[in-house]
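Visitor:
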Amino acid sequence: MGGFLRTLNEKEDQWLNVLNGDVWRLCEERHSIMPVLKLSYQNLPLGLRQCFAYCCLYPKGWEIQRNELIQLWMAQGYLESSIETQSKEDVGDQYVRILLKRSFFQDASLSKHKDIISFKMHDLMHDLAKSVAGNDCCLHTEEKTFIGRPMHVSFLSSIACSLDLLDASKLRTILWAKTNARSVLDAKPSITKNLKFLRALDLSYSPITELPLWIHKCRHLRYLDLSNCKELISLPKSIGNLVSLQSLKLTGCRKLVFCTEVIAKLINLRHLDIEGCKAFADKMPLGLGQLTSLQSLSSFVVGDEEIRNCGKLNELKELNNLRGHMRISNLGLVKDVALESQEANLKIKKYIQVLELNWGKTRYDWVEDGKNSEINLQLLDNLCPNQNLRKLRVSGYPGARFSSWLPSLTNIVQINLYRLSSCQHLQPLERLPRLQMLNISEMNELNYIHYDDVSHVLFFPSLEKLVLFGCKNLRGWQRLGNSADVANHLSLPPFPCLSYLDIWECPKLTCMPTYPYLIELRHLQHLSAELKKLRICQVDKVDLWRDEDNTSTLCQVPHGLRSLQKISIEFCDNLKAFPEQILDLQSLRHIKILHCDDLESLPEGLRCLANLQTLHISHCRLLRKRCQSKIGEDWPNVAHIPNIVVG
0 MGGFLRTLNE
10 KEDQWLNVLN
20 GDVWRLCEER
30 HSIMPVLKLS
40 YQNLPLGLRQ
50 CFAYCCLYPK
60 GWEIQRNELI
70 QLWMAQGYLE
80 SSIETQSKED
90 VGDQYVRILL
100 KRSFFQDASL
110 SKHKDIISFK
120 MHDLMHDLAK
130 SVAGNDCCLH
140 TEEKTFIGRP
150 MHVSFLSSIA
160 CSLDLLDASK
170 LRTILWAKTN
180 ARSVLDAKPS
190 ITKNLKFLRA
200 LDLSYSPITE
210 LPLWIHKCRH
220 LRYLDLSNCK
230 ELISLPKSIG
240 NLVSLQSLKL
250 TGCRKLVFCT
260 EVIAKLINLR
270 HLDIEGCKAF
280 ADKMPLGLGQ
290 LTSLQSLSSF
300 VVGDEEIRNC
310 GKLNELKELN
320 NLRGHMRISN
330 LGLVKDVALE
340 SQEANLKIKK
350 YIQVLELNWG
360 KTRYDWVEDG
370 KNSEINLQLL
380 DNLCPNQNLR
390 KLRVSGYPGA
400 RFSSWLPSLT
410 NIVQINLYRL
420 SSCQHLQPLE
430 RLPRLQMLNI
440 SEMNELNYIH
450 YDDVSHVLFF
460 PSLEKLVLFG
470 CKNLRGWQRL
480 GNSADVANHL
490 SLPPFPCLSY
500 LDIWECPKLT
510 CMPTYPYLIE
520 LRHLQHLSAE
530 LKKLRICQVD
540 KVDLWRDEDN
550 TSTLCQVPHG
560 LRSLQKISIE
570 FCDNLKAFPE
580 QILDLQSLRH
590 IKILHCDDLE
600 SLPEGLRCLA
610 NLQTLHISHC
620 RLLRKRCQSK
630 IGEDWPNVAH
640 IPNIVVG
């Protein structure tokens with residue numbers, strides 16, 4: 000009700016109409032909240048009313064997926080806009096946000112960037128939706144029979160004998176909640192032949208092995224969900240006759256093989272979900288580029304030139320409405336780099352927010368030399384994304400240099416670089432204003448992370464999380480002339496926002512900028528012993544992990560951890576004595592020691608750590624005896640700790 004009243008303007012008559020209306024009297028007479036809820040419903044725009052009523056097809060407490068619901072609304076023709084540039088999906092997103100704001104929906108699950116993923120309906124709101132939908136929508140259960148001639152049906156139980164009770168010619172929606180849908184395919188011909196006006200069909204998670212031939216008669220079908228039909232092995236060619244289809248979901252159809260070229264006939268297709276679908280595992284269909292309305296295509300796989308009817312990378316040329324997440328795989332198989340990659344036109348695809356570029360397989364005739372390194376650089380250059388991109392992952396890129404477009408992604412929030420086997424340095428990243436997370440993993444030839452010049456104005460102004468993993472030759476952040484001495488590195492500005500640092504298996508790393516606001520230090524594994532000399536302050540959590548070669552240097556607690564609250568020392572096989580610096584950590588509250596069999600004792604100085612709340616010791620054969628309650632030799636050192644677990 001509050002959400003509805005918030006929408007009223009300042010004119011007194013609108014508020015008086017609510018005050019003097021019958022709604023309050025009805026509430027008093029019936030002792031029910033439903034009239035108030037109906038008032039809120041009646042004041043929704045007409046388009047929103049039918050969208051809300053449609054939601055009664057979901058069971059109570061169901062976690063409704065935002066994208067799924069919007070596509071179902073779209074299939075029913077509920078999403079129309081008077082603004083030419085506004086897509087139906089944008090209208091649907093606007094509707095979802097209004098319904099959340101007015102409390103028709105609740106418990107929204109959001110992504111890190113505040114995008115709505117899913118939500119629920121309160122039971123009372125579900126009752127309201129069912130009430131206003133009348134007999135048009137029916138959620139069928141074992142106990143409930145059909146009333147009237149519903150247009151939209153959702154099944155919570157087996158539908159073996161249910162379809163015969165329906166007027167098939169009126170049906171527009173058939174959904175069910177992950178139950179056995181085998182019988183929708185086995186229904187009598189007298190039923191199936193009249194399903195020609197069906198607009199939405201959900202057969203997900205069903206054990207079906209094939210679709211029936213009658214499916215091609217559903218010329219008005221706009222939404223077909225076959226996701227996770229793990230036994231589905233084929234689709235009829237007649238599926239190409241479903242020219243009204245807007246959403247086709249084949250995710251998780253791991254046995255499905257069919258003539259994918261028929262997809263090119265679905266000229267109105269807007270959403271094609273093919274993640275984990277065998278039919279698209281090694282190629283994309285020829286003619287995919289004709290689907291210019293396509294908005295979601297989670298994966299594009301470059302096929303081998305020997306595969307017949309295989310779409311090339313330039314199929315992406317006219318697909319400029321693609322949005323959301325996009326992964327391009329097997330880039331190593333691109334043959335005509337100059338032509339195919341240039342025509343992919345990623346730079347003008349302004350709605351793509353997440354982009355993955357995966358080299359994966361390579362052509363059999365490619366040899367890693369200078370020429371091919373330049374070819375790969377040209378390929379990467381031509382795949383320059385739009386500046387609206389928010390997340391980028393590049394894996395398997397074999398070139399020695401990275402493309403110059405990386406520093407131009409001014410809206411980028413997250414960068415993941417994985418297994419760039421020959422790359423020796425990166426383009427300058429420190430001025431990217433919104434970069435929050437940087438992950439550099441398994442780049443064995445990387446010597447230095449490039450740094451342009453020393454500037455105290457902009458140095459990773461938003462970076463919160465940094466992961467460096469498996470960079471065998473990484474020595475430091477920048478290379479100055481022919482050397483990279485500690486003094487030069489320590490002259491760099493500190494990371495102003497870095498709160499999470501994870502470094503492991505970087506055995507030559509000696510020099511890093513400082514990170515004064517670190518909250519969590521996850522790994523210290525296979526690092527140079529010199530790294531411990533860096534000053535770190537205001538850290539809340541440190542995890543010191545196993546070094547299979549020599550752990551003794553890694554278990555020296557860094558200086559300056561005045562705010563440290565948690566420390567975990569695990570799998571330090573060679574550790575014999577607890578680090579003396581532990582006594583300086585006066586804010587320490589939790590200590591965990593796991594699998595340190597050679598650790599002989601705990602220091603008396605632990606008695607001085609008055610804030611300690613928890614001591615957890617596990618799989619430490621010597622400490623187990625020494626910390627036994629009241630009788631162990633180290634018991635006086637830990638007796639003041641409220642919670643002690645020794646196992």
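Mind the numbering: the sequence shown is residues 0 to 646 in numbering that gives the first Met the number 0, read in order.
Just so you know, even glycine gets a beta-carbon here, dropped at the ideal spot from N, CA and C.
In this text the structure is predicted, and so the values were computed from the model without any measurement.
When you compare the region 303 to 310 with the region 108 to 115, are there three or more beta-carbon pairs, one atom per stretch, that lie closer than 8 Å?
Guide: In short, these stretches do not touch, since the Cβ pair count stays below three.
Visitor: When burial is assigned at 16 or more other CB atoms within 10 Å of the CB, is Pro432 buried or exposed?
Guide: In the sequence shown, the residue the question calls residue 432 occupies position 433. Exposed, since its Cβ has fewer than 16 Cβ neighbours within 10 Å.
Visitor: If distances are taken between C-alpha atoms only, which option among Ser292, Phe279, Leu500 comes closest to Phe299?
Guide: Stepping through the sequence shown from its first residue, residue 299 is reached at position 300. For Phe299, the nearest C-alpha among the options comes from Phe279.
Visitor: Classify Ala159 as buried or exposed, calling it buried when 16 or more other Cβ atoms lie within 10 Å of its own Cβ.
Guide: Stepping through the sequence shown from its first residue, residue 159 is reached at position 160. Its pLDDT being 49, under 50, Ala159 is placed unreliably by the model, and the measurement read from it follows with that caveat. When all chains shown are included, Ala159 counts as exposed.
Visitor: If we count the other Cβ atoms within 10 Å of its Cβ and call it buried at 16 or more, is Asp166 buried or exposed?
Guide: Against the sequence shown, residue 166 aligns to sequence position 167. Under this definition Asp166 is an exposed residue.
Visitor: Contact check, Gln426 vs Leu405 under 8 Å by CB: the rounded distance?
Guide: The sequence position of residue 426 within the sequence shown is 427, counting from 1. The sequence position of residue 405 within the sequence shown is 406, counting from 1. Leu405 and Gln426 do touch by the CB rule: their CB atoms are close to 5 Å apart, below 8 Å.
Visitor: Taking the CB atoms as reference points, tell me whether Ile97 and Arg65 lie closer together than 7 Å.
Guide: Along the sequence shown, one-based indexing puts residue 97 at 98. Along the sequence shown, one-based indexing puts residue 65 at 66. Their beta carbons are not under 7 Å apart, which means Ile97 does not touch Arg65 by this criterion.
Visitor: Looking at the secondary structure, which residues open and close the alpha helix (DSSP H) in which Lys591 lies?
Guide: As a working note, residue 591 is residue 592 in the sequence shown. No alpha helix (DSSP H) contains Lys591, which is instead part of the beta strand (DSSP E) from 589 to 593.
Visitor: Beta-carbon separation of Glu569 and Leu593 under 7 Å?
Guide: Residue numbering aside, residue 569 sits at position 570 when the sequence shown is read from its first letter. Residue numbering aside, residue 593 sits at position 594 when the sequence shown is read from its first letter. Contact: yes.
Visitor: Grab the span of the alpha helix (DSSP H) containing Gln41 for me, first residue to last.
Guide: Position 42 of the sequence shown, counted from the first residue, corresponds to residue 41. For Gln41, the enclosing alpha helix (DSSP H) stretches over residues 33 to 41.
Visitor: Need the endpoints of the beta strand (DSSP E) that Ile616 sits in, please.
Guide: As a working mapping, residue 616 is identified with position 617 in the sequence shown. Note, Ile616: beta strand (DSSP E), 613 to 617.
Visitor: Reducing DSSP to helix, strand and coil, say where Gln93 ends up.
Guide: Here the question's residue 93 lines up with position 94 in the sequence shown. Looking at Gln93 - three-state DSSP - the assignment turns out to be helix.
Visitor: Closer than 7 Å by C-beta to Leu376: which residues in its own chain qualify, once you throw out the five before and the five after it? Chain order, please.
Guide: Looking up residue 376 in the sequence shown gives position 377. Cβ neighbours of Leu376 beyond the five flanking positions: Gly398, Arg400, Ser402.
Visitor: Can you tell me whether Gly147 is buried or exposed? The criterion is at least 16 other CB atoms within 10 Å of its CB, across all chains shown.
Guide: Residue 147 sits at position 148 when you count from the first residue of the sequence shown. Classification for Gly147: exposed.
Visitor: Can you give me the start and stop residues for the alpha helix (DSSP H) that Phe51 sits inside?
Guide: Along the sequence shown, read from residue 1 onward, the residue named residue 51 stands at position 52. In the DSSP assignment, Phe51 falls within the alpha helix (DSSP H) that extends over 45 to 53.
Visitor: For the putative contact between Cys137 and Tyr53, defined by C-beta atoms under 8 Å, what is the C-beta separation to the nearest angstrom?
Guide: In the sequence shown, the residue the question calls residue 137 occupies position 138. In the sequence shown, the residue the question calls residue 53 occupies position 54. The beta-carbon distance between Cys137 and Tyr53, rounded to whole angstroms, is 12 Å. This is too long to meet the 8 Å contact definition.
Visitor: From the DSSP output, in three-state form, read off Pro284 for me.
Guide: Indexing the sequence shown from 1 puts residue 284 at position 285. It is a strand residue.
Visitor: Just mark Gln612 as buried or exposed, buried being the case when its beta carbon has 16 or more other beta carbons within 10 Å.
Guide: Reading the sequence shown from its first residue, position 613 is the one you call residue 612. Gln612 is exposed by the Cβ-count criterion.
Visitor: From Lys464, Asn443, Leu462, Asp501, pick the residue whose C-alpha is nearest to that of Arg474; which is it?
Guide: To locate residue 474, count along the sequence shown from 1; it is residue 475. For the residues Lys464, Asn443, Leu462, Asp501, the minimum Cα distance to Arg474 belongs to Asn443.
Visitor: Quick check on DSSP: helix, strand or coil for Gly118?
Guide: Taking the sequence shown and counting its residues from 1, one reaches residue 118 at position 119. Note that residue 118 corresponds to Phe in the displayed sequence, not to Gly. In this structure, Phe118 counts as strand in the three-state DSSP scheme.
Visitor: Can you have a look at Thr140 and say buried or exposed, based on whether 16 or more other CB atoms are within 10 angstroms of its CB?
Guide: Residue mapping note: residue 140 aligns to position 141 of the sequence shown, counting from 1. So Thr140 ends up on the exposed side.
Visitor: Is the beta carbon of Asn240 less than 7 Å from the beta carbon of Tyr204?
Guide: By one-based count along the sequence shown, residue 240 stands at place 241. By one-based count along the sequence shown, residue 204 stands at place 205. No.
Visitor: Have a look at Asp364 and Val301 and give me their C-alpha separation to the nearest angstrom.
Guide: Taking the first residue of the sequence shown as position 1, residue 364 is located at position 365. Taking the first residue of the sequence shown as position 1, residue 301 is located at position 302. Summary for Asp364: the model assigns pLDDT 46, below 50, so the residue's position carries little reliability; its value from the coordinates is reported in the next sentence. When rounded, the distance between both Cα atoms is 16 Å.
Visitor: Round the Cβ separation of Pro495 and Pro512 to the nearest angstrom and send it over; I've been treating them as touching at under 8 Å.
Guide: In the sequence shown, counting from the first residue as 1, residue 495 sits at position 496. In the sequence shown, counting from the first residue as 1, residue 512 sits at position 513. Between Pro512 and Pro495 the Cβ distance is about 10 Å, and since that is not below 8 Å, they are no contact.
Visitor: Does the Cβ-Cβ distance between Asn329 and Gly359 come in under 7 Å?
Guide: Residue mapping note: residue 329 aligns to position 330 of the sequence shown, counting from 1. Residue mapping note: residue 359 aligns to position 360 of the sequence shown, counting from 1. Yes, Cβ-Cβ distance for Asn329 and Gly359 is below 7 Å.
Visitor: Taking the C-alpha atoms as reference points, what is the distance between Gln627 and Pro506?
Guide: Taking the first residue of the sequence shown as 1, we reach residue 627 at position 628. Taking the first residue of the sequence shown as 1, we reach residue 506 at position 507. Computed Cα separation, rounded: 38 Å.
Visitor: On the criterion of 16 or more Cβ atoms from any shown chain inside 10 Å, does Val644 qualify as buried, or is it exposed?
Guide: Within the sequence shown, numbered from 1, the residue matching residue 644 stands at position 645. Burial call: exposed.
Visitor: Measure how close the beta-carbons of Leu212 and Ser237 come, nearest whole angstrom, since I'm counting them as under 8 Å.
Guide: As a first step, residue 212 is located in the sequence shown; it is residue number 213 there, counting from the start. As a first step, residue 237 is located in the sequence shown; it is residue number 238 there, counting from the start. The pair is a contact, with the Cβ atoms about 7 Å apart (cut-off 8 Å).
Visitor: Looking only at its chain, what residues have a beta carbon closer than 6 Å to the beta carbon of Ser295, apart from the 5 residues adjacent to it on each side?
Guide: Counted from its first residue, the sequence shown places residue 295 at position 296. His270, Gly323.
Visitor: What residue does the alpha helix (DSSP H) around Val336 start on, and which one ends it?
Guide: Taking the sequence shown and counting its residues from 1, the one referred to as residue 336 is at position 337. Note, Val336: alpha helix (DSSP H), 336 to 342.
Visitor: Taking all protein chains shown into account, decide if Leu45 is buried (16 or more other Cβ within 10 angstroms of its Cβ) or exposed.
Guide: Residue numbering aside, residue 45 sits at position 46 when the sequence shown is read from its first letter. So Leu45 ends up on the exposed side.
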